[in-house]
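Enquirer:
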Amino acid sequence: MGLFLNLGTDYALYLAQSTVMDSGATSQIYDLSAADGPYRKLLDRYNTDPSYQAWTADIIVGPVPYPPIFAWALRPFTWISPPVSFALWFCLNLCLALIIGWRLASHCGLLDKPTTILLFLGSYPVVLSFYVGQIQIMLAWCITEFYLAMRGGREFRAGMWLGCLLLKPHYGLLLGLLLLWKRRWSAVLGAGAAGSIILGASVLVSGVHGLRAYPAAFSGMAQFRGDDPAVMINWRSVILDLYPSIYGRNGTLLTLALAAATLFSLAWVWRGEWNPNAVDFPVKVLLTLLGTLIASFHSHPYGAVLLAMPLVVVLSSGQFHKTAWWVVGIGAVVPTLILELGYSGSLTNSQFYAHLVLASQVLKVVMFAMFGYFYARVCGLSVAGPDSSRMMRGGWIRARAFIPGIGRAASRVLNP
Numbered sequence: 002m003g004l005f006l007n008l009g010t011d012y013a014l015y016l017a018q019s020t021v022m023d024s025g026a027t028s029q030i031y032d033l034s035a036a037d038g039p040y041r042k043l044l045d046r047y048n049t050d051p052s053y054q055a056w057t058a059d060i061i062v063g064p065v066p067y068p069p070i071f072a073w074a075l076r077p078f079t080w081i082s083p084p085v086s087f088a089l090w091f092c093l094n095l096c097l098a099l100i101i102g103w104r105l106a107s108h109c110g111l112l113d114k115p116t117t118i119l120l121f122l123g124s125y126p127v128v129l130s131f132y133v134g135q136i137q138i139m140l141a142w143c144i145t146e147f148y149l150a151m152r153g154g155r156e157f158r159a160g161m162w163l164g165c166l167l168l169k170p171h172y173g174l175l176l177g178l179l180l181l182w183k184r185r186w187s188a189v190l191g192a193g194a195a196g197s198i199i200l201g202a203s204v205l206v207s208g209v210h211g212l213r214a215y216p217a218a219f220s221g222m223a224q225f226r227g228d229d230p231a232v233m234i235n236w237r238s239v240i241l242d243l244y245p246s247i248y249g250r251n252g253t254l255l256t257l258a259l260a261a262a263t264l265f266s267l268a269w270v271w272r273g274e275w276n277p278n279a280v281d282f283p284v285k286v287l288l289t290l291l292g293t294l295i296a297s298f299h300s301h302p303y304g305a306v307l308l309a310m311p312l313v314v315v316l317s318s319g320q321f322h323k324t325a326w327w328v329v330g331i332g333a334v335v336p337t338l339i340l341e342l343g344y345s346g347s348l349t350n351s352q353f354y355a356h357l358v359l360a361s362q363v364l365k366v367v368m369f370a371m372f373g374y375f376y377a378r379v380c381g382l383s384v385a386g387p388d389s390s391r392m393m394r395g396g397w398i399r400a401r402a403f404i405p406g407i408g409r410a411a412s413r414v415l416n417p
């Protein structure tokens, strides 16, 4: 366990890529063999876990599939000591998280502002994003401003904020398709403008060759069992929970089929006129973001921070039972406690990973339960009275599908 092996894991990848960019090799920023050297230097110097010394792979660095402008913008962080650099990165993300927390508190009528902000900062997606040094807080800010601008009738501005998700395009894909389907041309134009700025700036800093190399960054993430789906919160992870022996093409096809089914189910929700002022607009946006996380081939737990603003608005609307608050609270806080507590002796990489898997499994169950619950409400299904017991039994049957995966994760925590 040590800096950049677990703490700051993703940030170490960012630094390695930006180091390549800073060296002038702009066309090689997506070449893992070029980034592996700077990455190894970080681990060799700062990590303390003995298991790292046993790694014998030729290349251990992972891909950073962001446009070239990101690596260029991060270059100043490579000019200072890596621990100081990571601390500064954390402080910047904390400031953004406080801004988001304040925005959430302003739209949460059931809790006071300090409580709302503290719950947001202590939620598992936020804590994990801080811990690994992700850019997810920045994307959550973009989604927050997108939602508020759309509700306020400022569609071009909303589109600009959505276009910023080009840094991680899979998070904005369904919302972008929705805007096209509903012919919200002002928002589409805004998204196109923001995307053009990002791509244009990327060409300026890396040249055409650097931008052409960008799609290659996704190639290492296309394997069905690649990039550790055990800690993901999507259909791919569920499939592996239910069918641990499935591999390759069959797993990929099944994942794509379930993703397509999710997409069509969301299309049913959005049928009819586009009305951002409608009472059910917040829950529809929430469902779309939930569907995005569930259907994406690559979806880690920190991605759930994107749900923050529409989720707070939905829960504060008074349309849903207080049970929803408890379920969301469990999904937000319990995984954080699992991740942070229960260690014995010196913390090792394997111990941390076991807690990470269990925490992510809990969040995954809650997210799928949320999707089913809110989808049923939007579609007009009753969740009260005589029908409520049937729905609860159905939810329990669905939840049982995840129990084997949670059980395996729990056994690894209790018996490391």
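Each position in the sequence shown, counted from 1, maps to that position plus 1 in the working numbering. Ideal Cβ placement from N, Cα and C applies to all residues, glycine included. Since the structure is predicted, the reported quantities are computational estimates derived from the model, not experimental observations.
Put L174 into one of helix, strand or coil per three-state DSSP.
Expert: L174 falls in the helix class under three-state DSSP.
Enquirer: Ignore the nearest five residues each way along the sequence and tell me which others in A106's own chain have a CB closer than 7 Å to its CB.
Expert: Answer for A106: K114, T117 and I118, listed in chain order.
Enquirer: Can you name, in chain order, every residue of its own chain whose Cβ lies under 8 Å from the Cβ of P230, other than the five neighbours on each side?
Expert: Here the set comprises R237, S238 and L241.
Enquirer: Below 7 Å CB to CB, which residues in the same chain sit around N7 once its five sequence neighbours on both sides are set aside?
Expert: Counting only Cβ-Cβ distances below 7 Å, and skipping sequence neighbours, we find N350 and F353.
Enquirer: Quick one: measure Cβ to Cβ for Q137 and Y15, integer angstroms, because I've assumed they're closer than 8 Å.
Expert: About 13 Å; that fails the 8 Å criterion.
Enquirer: Does W73 pass the burial test, meaning 16 or more other C-beta atoms within 10 Å, or should it be called exposed?
Expert: Counting Cβ neighbours within 10 Å, W73 comes out buried, since at least 16 surround it.
Enquirer: Take P77 as the anchor and find which of W90, L264, F219 and G292 has the nearest alpha-carbon.
Expert: Out of W90, L264, F219 and G292, W90 has the C-alpha closest to the C-alpha of P77.
Enquirer: Buried or exposed: where does Q135 fall if 16 or more other Cβ atoms within 10 Å of its Cβ makes it buried?
Expert: Q135 is buried by the Cβ-count criterion.
Enquirer: Give me the DSSP bridge partner(s) of L4.
Expert: DSSP, once it has assigned bridges, lists L8 as partnering L4.
Enquirer: Using 8 Å as the Cβ pair cut-off and three pairs as the minimum, do the region 186 to 197 and the region 310 to 329 touch?
Expert: Flag = no, the region 186 to 197 and the region 310 to 329 do not touch.
Enquirer: Check each candidate in M371, I339 and V334 and name the one with the smallest Cα separation from A360.
Expert: Residue I339 is the option with its Cα nearest to A360.
Enquirer: Within the continuous alpha helix (DSSP H) that includes F372, where are the two ends?
Expert: Element bounds for F372: N350 to V379.
Enquirer: In or out: G381 buried (at least 16 other Cβ within 10 Å) or exposed?
Expert: Flag for G381 reads exposed.
Enquirer: Just the Cα atoms here: how many angstroms apart are G123 and G249?
Expert: Approximately 37 Å, taken between the alpha carbons.
Enquirer: Report yes or no: do the region 194 to 210 and the region 150 to 168 share at least 3 C-beta pairs separated by less than 8 Å?
Expert: Because the criterion of three Cβ pairs below 8 Å is met, the region 194 to 210 and the region 150 to 168 touch.
Enquirer: Going by CA-CA distance only, name the one from F298, L43, P216 and T49 that's closest to V347.
Expert: It is Ser, not Val, that sits at residue 347 in the sequence shown. For the residues F298, L43, P216 and T49, the minimum Cα distance to S347 belongs to T49.
Enquirer: If you follow the alpha helix (DSSP H) that E274 is in, where does it begin and where does it stop?
Expert: First-last for E274: undefined, no H or E at that position.
Enquirer: Look at I295 and N235 and say whether their C-beta atoms are less than 8 Å apart.
Expert: For I295 and N235, yes; Cβs fall inside 8 Å.
Enquirer: In the structure shown, what three-state DSSP assignment does L75 receive?
Expert: Coil, per DSSP.
Enquirer: Return helix, strand or coil for F157, following the three-state DSSP convention.
Expert: Correct three-state label for F157: helix.
Enquirer: Whole angstroms is fine: what's the gap from V335's alpha carbon to Y125's?
Expert: Cα to Cα, V335 sits roughly 8 Å from Y125.
Enquirer: Could you tell me whether the Cβ atoms of A17 and Y40 are closer together than 8 Å?
Expert: Yes, the pair counts as a contact, with Cβ atoms nearer than the cut-off.
Enquirer: In its own chain, which residues sit with a C-beta less than 7 Å from the C-beta of D11, not counting the 5 before and 5 after it?
Expert: Cβ within range, chain order: V133, G134 and Q135.
Enquirer: Short of 6 Å in beta carbon distance, which residues of its chain neighbour S383, apart from the five on each side in sequence? Order them along the chain.
Expert: With a pLDDT of only 36 at S383, under the threshold of 50, the placement of this residue in the model should not be trusted, and no figure is reported.
Enquirer: Please go through the same chain and pick out, in chain order, the residues whose beta-carbon is closer than 8 Å to the beta-carbon of V379, but skip the five residues on each side of it.
Expert: Around V379: V270, D281, V284, K285 and L288.
Enquirer: Tell me whether C143 is buried or exposed, calling it buried when 16 or more other Cβ atoms sit within 10 Å of its Cβ.
Expert: So C143 counts as buried.
Enquirer: Start and end of the alpha helix (DSSP H) containing Y47?
Expert: L33 to Y47 is the extent of the alpha helix (DSSP H) around Y47.
Enquirer: Within the chosen definition, does the region 28 to 43 reach the region 206 to 214 through at least 3 CB pairs nearer than 8 Å?
Expert: Contact holds: three or more Cβ-Cβ distances are below 8 Å.
Enquirer: Who are the Cβ neighbours of G292 in its own chain at under 8 Å, not counting the five residues just before and after it?
Expert: Contacts found: L175, T263, L264, S266, L267 and F372.
Enquirer: I believe A188 touches A159 by the beta-carbon criterion, under 8 Å. Please report the beta-carbon distance rounded to the nearest angstrom.
Expert: The pair is a contact, with the Cβ atoms about 5 Å apart (cut-off 8 Å).
Enquirer: Which residues in the same chain have their Cβ closer than 7 Å to the Cβ of A218, if we skip the five residues on either side of it in sequence?
Expert: Excluding sequence neighbours, A218 sits near Y31, P64, V65 and P66.
Enquirer: Would you tell me roughly how many angstroms separate the C-alpha atoms of E274 and V62, rounded to the nearest one?
Expert: For E274 and V62, the distance between alpha carbons rounds to 47 Å.
Enquirer: Out of I199, Y172, A202 and E156, point me to the one whose CA is closest to L418's CA.
Expert: Given that the chain is displayed from residue 2 to residue 417, the structure contains no residue 418 and the question cannot be resolved.
Enquirer: What span of residues does the alpha helix (DSSP H) with P283 cover, start to end?
Expert: Counting along the chain, the alpha helix (DSSP H) containing P283 begins and ends at F282 to A296.
Enquirer: Just tell me which of M368, Y376 and I81 has its CA closest to the CA of F321.
Expert: When only C-alpha atoms are compared, the closest one is Y376.
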